[in-house]
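*Asks:* Numbering (my numbering), first residue to last: 3 to 173. Here's a structure for you.
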Amino acid sequence: MSAVRHLVTKAQALGNCLAIVQKCIDKRGYDSLILSGLHISDADPAGKVQCSMVVEDRHLNVNGTLHGGVSATLVDVVGSLAVGAMGYHGTGVSADIQVSYLAAPKVGDKLHMSAVADKVGKTLAFTRVEIFGADNKLAVRGSHTKYVRGMKHMLDGERAQHHGHGHGQKK
């Protein structure tokens, strides 16, 4: 990853985020149980995303409120989407996730999520996520550190071509 960021378009940012979520759903693993109802309403190439999801029975704990594991998964995935919105083909792997549970959304509540990639460096990316529940009450606050070394950006090939270099060629 270069120190100079070349922004992708909003359409590319949204398309990349949608592709990331679809890939998770298509694998039919744990993520698909959580993410099949996730709606991405905005993806900004500056590393910001807005998402929403309605809490369903399958998202609940034994007390009838949003399961903490679902909240942590949303911090993981929505934070990752903030990195994806910047145009990276992958989103890295989790190095650390911190989750604070501030309220307990219930079935039928519409969650509104926002994530920001505060910094994407050569090795680590740092994101912040907030999840709001009923009455726009902050329900979950999280931070997510990702290991991102070696991630490819969708404009890497284009940048090489603009500088007169082909793929895989050095100056």
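We put the beta carbon where it would ideally sit given N, CA and C, even for glycine.
Give the straight-line distance between the Cα atoms of residue 36 and residue 70, rounded to the nearest whole angstrom.
*Replies:* Stepping through the sequence shown from its first residue, residue 36 is reached at position 34. Stepping through the sequence shown from its first residue, residue 70 is reached at position 68. Cα-Cα distance, rounded: 12 Å.
*Asks:* Residue 126 lies in the beta strand (DSSP E); which residues open and close that run?
*Replies:* Walking along the sequence shown from the start, residue 126 turns up at place 124. First-last of the beta strand (DSSP E) with residue 126: 126–134.
*Asks:* Indicate whether residue 81 and residue 41 have their beta-carbon atoms separated by less than 7 Å.
*Replies:* Taking the sequence shown and counting its residues from 1, the one referred to as residue 81 is at position 79. Taking the sequence shown and counting its residues from 1, the one referred to as residue 41 is at position 39. Cβ atoms of residue 81 and residue 41: not closer than 7 Å.
*Asks:* On the DSSP bridge assignment, give the partners of residue 144 in chain order.
*Replies:* Working through the sequence shown from its first residue, we reach residue 144 at position 142. 101, 131.
*Asks:* Taking C-alpha atoms, which residue in 43, 39, 31, 67 lies nearest to residue 16?
*Replies:* Here residue 16 refers to the residue found at position 14 of the sequence shown. Checked all of 43, 39, 31, 67; the closest Cα to residue 16 is 43.
*Asks:* Nearest-angstrom Cα distance between residue 9 and residue 66?
*Replies:* Here residue 9 refers to the residue found at position 7 of the sequence shown. Here residue 66 refers to the residue found at position 64 of the sequence shown. In a straight line, the C-alpha of residue 9 is about 42 Å away from that of residue 66.
*Asks:* With distances taken between CB atoms, is the gap from residue 22 to residue 86 smaller than 7 Å?
*Replies:* Walking along the sequence shown from the start, residue 22 turns up at place 20. Walking along the sequence shown from the start, residue 86 turns up at place 84. A contact, by the Cβ cut-off of 7 Å.
*Asks:* Helix, strand or coil: how does DSSP classify residue 120 here?
*Replies:* Start at 1 with the first residue of the sequence shown, and residue 120 comes out as number 118. Residue 120 falls in the strand class under three-state DSSP.
*Asks:* At a cut of 8 Å, does the segment 98–107 reach the segment 26–34 through at least three beta carbon pairs?
*Replies:* No, they do not touch.
*Asks:* Just mark residue 135 as buried or exposed, buried being the case when its beta carbon has 16 or more other beta carbons within 10 Å.
*Replies:* In the sequence shown, the residue the question calls residue 135 occupies position 133. Result: buried.
*Asks:* Residue 118 and residue 125 look like a contact to me (Cβ under 8 Å); what is the Cβ gap, rounded to whole Å?
*Replies:* Position 116 of the sequence shown, counted from the first residue, corresponds to residue 118. Position 123 of the sequence shown, counted from the first residue, corresponds to residue 125. No, residue 118 and residue 125 are not in contact; Cβ-Cβ is about 19 Å, not under 8 Å.
*Asks:* Applying the 10 Å Cβ sphere with the 16-neighbour rule, what's the burial state of residue 11?
*Replies:* Within the sequence shown, residue 11 is the residue found at index 9, counting from 1. When all chains shown are included, residue 11 counts as exposed.
*Asks:* What's the call for residue 13, buried or exposed, on a 16-neighbour Cβ count within 10 Å?
*Replies:* On the sequence shown, residue 13 is found 11 positions in, with the first residue counted as 1. Classification for residue 13: exposed.
*Asks:* In terms of residues, what are the limits of the beta strand (DSSP E) holding residue 80?
*Replies:* Reading the sequence shown from its first residue, position 78 is the one you call residue 80. That residue, residue 80, is in no beta strand (DSSP E); its alpha helix (DSSP H) goes 70–86.
*Asks:* If you reduce the DSSP assignment to three classes, tell me which class residue 38 lands in.
*Replies:* As a position in the sequence shown, residue 38 is number 36, starting the count at 1. Three-state result, residue 38: coil.
*Asks:* Under the three-state reduction of DSSP, which class applies to residue 93: helix, strand or coil?
*Replies:* Position 91 of the sequence shown holds residue 93. In this structure, residue 93 counts as coil in the three-state DSSP scheme.
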